[in-house]
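Protein chains: 2
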Amino acid sequence: MKPDCKFCKMKSPAAELLKPDEIDTLEQNCAQVKFSKGETIFREGTFATNIVYLRAGLVKIHMKGPIGEKILRLNKAPAYLGLPTTFGDRVNHYSATAITESEVCFISLDAFKNFIYSNGNFAYEIIMDLCRSELADFQRFTNLSQKQLPGRIAELLLCFSNHLFKSNAFELPLSITELANFVSASRESVSRQFSELSRLGIIELTHDKKLTILRKDMLDKISTNG
Amino acid sequence: MKPDCKFCKMKSPAAELLKPDEIDTLEQNCAQVKFSKGETIFREGTFATNIVYLRAGLVKIHMKGPIGEKILRLNKAPAYLGLPTTFGDRVNHYSATAITESEVCFISLDAFKNFIYSNGNFAYEIIMDLCRSELADFQRFTNLSQKQLPGRIAELLLCFSNHLFKSNAFELPLSITELANFVSASRESVSRQFSELSRLGIIELTHDKKLTILRKDMLDKISTNG
DNA sequence: ATATAAATGTGATATAAATCACATATTATG
DNA sequence: CATAATATGTGATTTATATCACATTTATAT
Chain A
63 MKPDCKFCKM
73 KSPAAELLKP
83 DEIDTLEQNC
93 AQVKFSKGET
103 IFREGTFATN
113 IVYLRAGLVK
123 IHMKGPIGEK
133 ILRLNKAPAY
143 LGLPTTFGDR
153 VNHYSATAIT
163 ESEVCFISLD
173 AFKNFIYSNG
183 NFAYEIIMDL
193 CRSELADFQR
203 FTNLSQKQLP
213 GRIAELLLCF
223 SNHLFKSNAF
233 ELPLSITELA
243 NFVSASRESV
253 SRQFSELSRL
263 GIIELTHDKK
273 LTILRKDMLD
283 KISTNG
Chain B
63 MKPDCKFCKM
73 KSPAAELLKP
83 DEIDTLEQNC
93 AQVKFSKGET
103 IFREGTFATN
113 IVYLRAGLVK
123 IHMKGPIGEK
133 ILRLNKAPAY
143 LGLPTTFGDR
153 VNHYSATAIT
163 ESEVCFISLD
173 AFKNFIYSNG
183 NFAYEIIMDL
193 CRSELADFQR
203 FTNLSQKQLP
213 GRIAELLLCF
223 SNHLFKSNAF
233 ELPLSITELA
243 NFVSASRESV
253 SRQFSELSRL
263 GIIELTHDKK
273 LTILRKDMLD
283 KISTNG
């Protein structure tokens with residue numbers, strides 16, 4: 063589908079800094095595609111040929127680990143998906159899969175590189191973006207590696223509530239099995255933790271994955287105490 | 063100490079792309095400092111006021127976690143230290159400490175920003191650098207979170223041997239306690255693993271931390287089998 | 001050099017979480 | 001719609017690893 067970048071209201075902060083002629087170039091080197099829930103946007107092991115910009119939707123970034131799939135992060139629009147795996151190597155080191163209906167712009171790598179070369183503000187914004195994600199990643203990995211399971215799950219739920227959905231009530235974007243490989247635990251253990259949180263009245267979780275945080279204070283405490 | 067960037071043989075790949083007048087600017091906005099083993103180069107929680115470039119030496123990047131210090135990565139020269147924590151927030155999210163005698167250049171943040179704005183090749187190289195480290199970090203975190211202790215330690219030793227020292231024999235750059243918080247385990251467990259690896263004749267470890275890998279094949283197997 | 005502190009090795013024990021086992025529910029699919 | 005396939009919940013058991021305890025070695029400071 064042909065995009066209309068000039069009047070696009072979902073431009074990235076970096077793209078907002080492009081000059082009119084650059085926006086024209088972008089428009090000519092950009093393809094907009096819809097993905098439904100569960101569809102793969104790019105896959106580990108394949109060649110990284112385009113810059114991938116998430117215009118709308120929610121996506122999981124995941125890679126094969128020694129004992130199975132590992133979810134590395136969730137990205138919600140607006141966000142570039144996998145700049146590091148596009149620039150860092152010819153081959154993708156991880157995959158991106160739509161969690162909800164999503165809209166993605168595929169941008170020609172060469173055009174994008176040229177923006178970096180020719181537009182310092184654009185380059186700077188991309189650098190800032192990469193830097194902020196690394197900070198968030200380090201923080202998450204440190205917590206994941208030091209907290210035990212109840213703390214890891216509490217943290218994840220708080221992250222969903224505070225940052226992703228900005229609400230105490232939301233639909234779990236991942237299955238229990240996926241949550242398990244996000245927090246690096248067995249699905250049985252995660253399932254038990256949810257039962258326990260429900261039993262204690264800290265959360266309410268319906269059969270159709272609607273989750274409500276009833277005692278955020280308790281979740282906070284569980285999250286910090288590991 | 064006044065640096066001599068023009069004739070410096072340890073320039074970063076990015077700095078190699080600077081034009082003569084930019085090199086002059088760099089030289090005027092750069093201070094070279096030596097750190098001895100154990101000295102802090104920058105500290106979590108303090109303001110990030112300079113770009114930090116490791117000209118020579120070996121450094122650990124570490125942050126406070128819920129149950130104690132966590133080592134995130136080792137950086138050997140040449141490398142920028144903590145670009146993400148310098149750009150991503152005003153305050154450092156992690157610390158850098160010299161593991162060996164090290165030489166560091168502190169570069170004015172404004173000068174560095176201007177290079178990004180004005181020199182696309184420089185900006186591109188910085189982006190590539192950030193991207194490559196994220197790939198390596200993701201890989202390491204996935205492995206650390208899925209492998210169990212013997213595999214994590216085997217992987218770390220192989221990484222030391224293959225990438226850091228490029229030799230089967232080297233001096234352990236970290237104490238047992240530090241290794242433990244690198245691989246997210248207790249120091250007792252790590253100590254036991256080393257005893258076991260020695261007992262099996264896979265490594266030899268002397269009292270003064272000189273380590274020799276005797277059976278790389280076995281380490282490889284332990285590393286892959288988790 | 002001696003005292004004091006910090007790091008290390010190793011056994012015994014406790015514990016978090018994985019695994020196994022199986023019932024039940026939910027979702028795809030011919 | 002029926003049947004298979006997949007995901008989930010929960011008890012019983014096992015296991016990896018943390019914790020505790022303490023001896024010993026190594027580093028640091030006075």
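Protein chains in written order, with this note's numbering: chain A, 63 to 288; chain B, 63 to 288. All C-beta atoms in this analysis are idealised placements derived from N, C-alpha and C, irrespective of residue type, glycine included.
For E258 (chain A), the enclosing alpha helix (DSSP H) begins and ends at 249 to 261. As DSSP reads the structure, F232 (chain A) sits in a beta bridge with A:L273. Its Cα nearest to that of H124 (chain B), the residue B:F244 stands out among B:R117, B:E266, B:F244. Assigned with DSSP and collapsed to three states, Q210 (chain A) falls in coil, not helix or strand. A:A118 is the residue among A:G150, A:D270, A:A118 whose C-alpha sits nearest the C-alpha of Q94 (chain A). Listed along chain B, the residues sitting closer than 8 Å to Y156 (chain A) by beta-carbon distance are F200. Scanning A:K271, A:L259, A:D270, A:K272 for the CA closest to the CA of L281 (chain A) turns up A:L259.
Taking C-alpha positions only, Q90 (chain A) is separated from I188 (chain A) by approximately 21 Å. Counting along the chain, M280 (chain A) sits inside the alpha helix (DSSP H) bounded by residues 278 to 286. If only complete runs of 4 or more residues are kept, the region 153 to 188 of chain B shows the alpha helix (DSSP H) at 171 to 180, in order along the chain.
In this structure, A160 (chain B) and L143 (chain B) do not form a Cβ contact; the two beta carbons are roughly 10 Å apart against a cut-off of 8 Å. In the structure shown, N91 (chain B) adopts coil according to DSSP, grouped into three states. In the three-state DSSP reduction, R105 (chain B) falls in the coil class, being neither helix nor strand. Proximity of A185 (chain A) to chain B, defined by a Cβ-Cβ separation below 7 Å, is satisfied. Fewer than three pairs of CB atoms, one per stretch, sit closer than 8 Å, so the region 250 to 257 of chain A makes no contact with the region 191 to 203 of chain A.
Considering only B:Y179, B:N183, B:C92, the residue with the shortest C-alpha distance to N183 (chain A) is B:Y179. Apart from sequence neighbours up to five positions away, the residues of its chain that approach P140 (chain A) with a beta-carbon distance below 7 Å are M72, S74, L116, R117, ordered along the chain. The way I'd put it, the region 75 to 90 of chain B doesn't touch the region 226 to 243 of chain A; fewer than three beta-carbon pairs between them come closer than 8 Å.
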